[in-house]
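Those sequence lines, one after another, are chains A and B.
Number 26 in numbering that gives the first Met the number 0 belongs to position 27 of the first sequence; there are no gaps in the numbering.
Number 91 in numbering that gives the first Met the number 0 belongs to position 92 of the second sequence; there are no gaps in the numbering.
Heads up, the beta-carbon is just placed ideally off N, CA and C, and yes, glycines get one too.
If you're wondering where the values come from, they're calculated on a predicted model, not measured in any experiment.
Just below is one structure, and these are the notes that go with it.
Protein chains: 2
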Amino acid sequence: MLVRTFRLPDGSVQEYDVVQNSPYVVVAAFTKDGDAILIRQFRPGPERILSSFCEGYVDKGETPEAAAARELLEETGYRAGNVRLLRTLQTAYSTEERICLLATDCVYERPPQGDADEFIEVFTMPMDTFIPWACTDESAFYCLDALLLALQAEPTLKP
Amino acid sequence: MLVRTFRLPDGSVQEYDVVQNSPYVVVAAFTKDGDAILIRQFRPGPERILSSFCEGYVDKGETPEAAAARELLEETGYRAGNVRLLRTLQTAYSTEERICLLATDCVYERPPQGDADEFIEVFTMPMDTFIPWACTDESAFYCLDALLLALQAEPTLKP
Numbered sequence: 000m001l002v003r004t005f006r007l008p009d010g011s012v013q014e015y016d017v018v019q020n021s022p023y024v025v026v027a028a029f030t031k032d033g034d035a036i037l038i039r040q041f042r043p044g045p046e047r048i049l050s051s052f053c054e055g056y057v058d059k060g061e062t063p064e065a066a067a068a069r070e071l072l073e074e075t076g077y078r079a080g081n082v083r084l085l086r087t088l089q090t091a092y093s094t095e096e097r098i099c100l101l102a103t104d105c106v107y108e109r110p111p112q113g114d115a116d117e118f119i120e121v122f123t124m125p126m127d128t129f130i131p132w133a134c135t136d137e138s139a140f141y142c143l144d145a146l147l148l149a150l151q152a153e154p155t156l157k158p
Numbered sequence: 000m001l002v003r004t005f006r007l008p009d010g011s012v013q014e015y016d017v018v019q020n021s022p023y024v025v026v027a028a029f030t031k032d033g034d035a036i037l038i039r040q041f042r043p044g045p046e047r048i049l050s051s052f053c054e055g056y057v058d059k060g061e062t063p064e065a066a067a068a069r070e071l072l073e074e075t076g077y078r079a080g081n082v083r084l085l086r087t088l089q090t091a092y093s094t095e096e097r098i099c100l101l102a103t104d105c106v107y108e109r110p111p112q113g114d115a116d117e118f119i120e121v122f123t124m125p126m127d128t129f130i131p132w133a134c135t136d137e138s139a140f141y142c143l144d145a146l147l148l149a150l151q152a153e154p155t156l157k158p
C-alpha cells in the first residue's frame, strides 16, 4: 500500500491510499471445440472458492503473450494454439495492470504443474452454459471483463 | 491491508496479504433512449483519467438499490427509472464486494452534486459506439464486468 498526495482542481490537497500490484495476465482460454477453460480455487480475500480464467504474474522480460501461454500450461495443462492481446485494464485505487488475453485452439497436454501453494481445480464448460452461469452469484466467476473482451474480439465464441 | 494465515491441503501454512475494502455499487445506467451514462475522472492508482460507470460506497443501513440511485443522482444528475441488482463480484485477494446494478429509464434532473474532492466529467454514449469503444485501451473503461451483466440481463440494450 502506498499513499499518494494530489492537488485537486480547486487547489485543495488530498491523500489517497493506493494498492501496489505488479502486471498480471488473465487468459480467456478456449478449447478447439470452443469450450471455456476455467479454474476453481479457494481464495484468501473472500475466504471462499471463486472461479475464474487462469491468471498469473508476468515474469521479468517476458511478453504478456508468453506469460499467458506459460501460466495456462502450468495451471491447467492446456497448450494454447493462438494467443492474442485483448486489452489492459487499470483501476482507480491500484497500480495494477490487468492484461487480458485470448487463447484459442487450446489442447490438453499434461497434468497441471502449478506452484506448490496452488490447489487448483480445472474444468471446462461449453459457452451456451458458461455465459449465463458466469453472470450468476453462484458461479463466483470474477473475470467477466475478459469474457466480454473475448466475445467482442472473437464472435465465433458466441453460442 | 490485513494478513491472513491458512493451512493448505498439503498441511503447510501460508500467509496472504488481503486488501480490505467496503461494499460498493457499480451502476450500469442507461437513458430512456438506451444510451450509457458514463463518467471520466482522474484516478490516483494509475495517475490518469479512467472512464467508468458511476460507483460509490453503500451507506450503513442502505440497500444496494438505494445506494445506486443515490450515487447516480449525486455523481451524474440522472434520476434512475428502474434499478435492479445484477450480481456481486468478489476477487481473490480483497474483501471487497463489487455490487453491480442495472439502472434503466434514467432521466437527467439537475447538475451533479458529488463530494467536494470529486471532479467528475459526465457523458453519454449510444450503445453501438460504446461497446466497441469500451473494449479498447484508449477508453480506459474499467467496468466491463457490469457492462456484460447488463447486456445479459437486458437484451434490449444490445445495438
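Does any CB atom of chain B fall closer than 8 Å to the CB of residue i?
| i | result |
| --- | --- |
| Leu71 (chain A) | no |
| Tyr15 (chain A) | yes |
| Val18 (chain A) | yes |
| Pro154 (chain A) | no |
| Gly113 (chain A) | no |
| Asp127 (chain A) | no |
| Met0 (chain A) | yes |
| Ala91 (chain A) | yes |
Assuming residue i contacts residue j (C-beta within less than 8 Å), just tell me the rounded distance between them.
| i | j | result |
| --- | --- | --- |
| Phe140 (chain A) | Ser50 (chain A) | 5 Å |
| Cys72 (chain A) | Val26 (chain A) | The question names Cys, but residue 72 (chain A) is Leu in the sequence shown. The Cβ separation is near 10 Å, so there is no contact. |
| Gln151 (chain B) | Pro131 (chain A) | 7 Å |
| Glu74 (chain A) | Cys105 (chain A) | That pair is no contact at about 12 Å. |
| Ile119 (chain A) | Ile38 (chain A) | 5 Å |
| Pro110 (chain B) | Gly55 (chain B) | The pair is not a contact, with the Cβ atoms about 17 Å apart (cut-off 8 Å). |
Output the boundary residues of the beta strand (DSSP E) element that contains residue i.
| i | result |
| --- | --- |
| Asp16 (chain A) | 12-17 |
| Phe41 (chain B) | 35-42 |
| Thr4 (chain A) | 1-6 |
| Ala27 (chain A) | 23-30 |
| Gly55 (chain B) | 53-56 |
Is it buried or exposed for residue i, if we count other Cβ within 10 angstroms and need 16 for buried?
| i | result |
| --- | --- |
| Pro63 (chain A) | buried |
| Gln112 (chain A) | exposed |
| Met0 (chain A) | exposed |
| Ile98 (chain A) | buried |
| Leu147 (chain B) | buried |
| Leu88 (chain B) | buried |
| Leu143 (chain B) | buried |
| Leu7 (chain A) | exposed |
Chain A beta carbons: is any one of them nearer than 8 Å to that of residue i?
| i | result |
| --- | --- |
| Cys53 (chain B) | no |
| Pro110 (chain B) | no |
Check whether chain D comes within 8 Å of residue i, counting only Cβ atoms and requiring the distance to be less than that.
| i | result |
| --- | --- |
| Thr103 (chain A) | Structure shown: chain D not included; protein chains present are A and B. |
Output the boundary residues of the alpha helix (DSSP H) element that contains residue i.
| i | result |
| --- | --- |
| Leu143 (chain A) | 143-152 |
| Thr128 (chain B) | 126-133 |
What are the start and end residues of each continuous beta strand (DSSP E) run of 3 or more residues lying completely inside the stretch 64-119 of chain A, in chain order?
81-88, 97-107
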